[in-house]
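Below you'll find the structure, written out as structure tokens, and then a few comments.
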């Protein structure tokens, strides 16, 4: 997990954001401090 990834996960916890738009597949493995996964929005979902 790099600094940018940590920042996005931390901000999602602070602001209660559950959905994240990313091209990175690493977010499938990241969890918040409460153990919850983020909902990943990627380019394939946008095209549908």
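Residue numbers (the UniProt record's numbering): 1 to 48. Virtual Cβ for every residue (Gly too), placed ideally from N, Cα, C.
- Contact check for residue 38 against residue 14 fails: the beta carbons are separated by 7 Å or more.
- Runs of the beta strand (DSSP E) spanning 3 or more residues and lying entirely within the region 8–41 occur at 19–21 and 39–41, in chain order.
- When C-alpha distances from residue 23 are compared across 10, 33 and 42, the shortest belongs to 42.
- The Cβ atoms of residue 27 and residue 40 sit closer than 7 Å to each other.
- Exclusion of the five residues before and after residue 11 leaves 17 as the residues of its chain whose Cβ lies within less than 8 Å of its Cβ.
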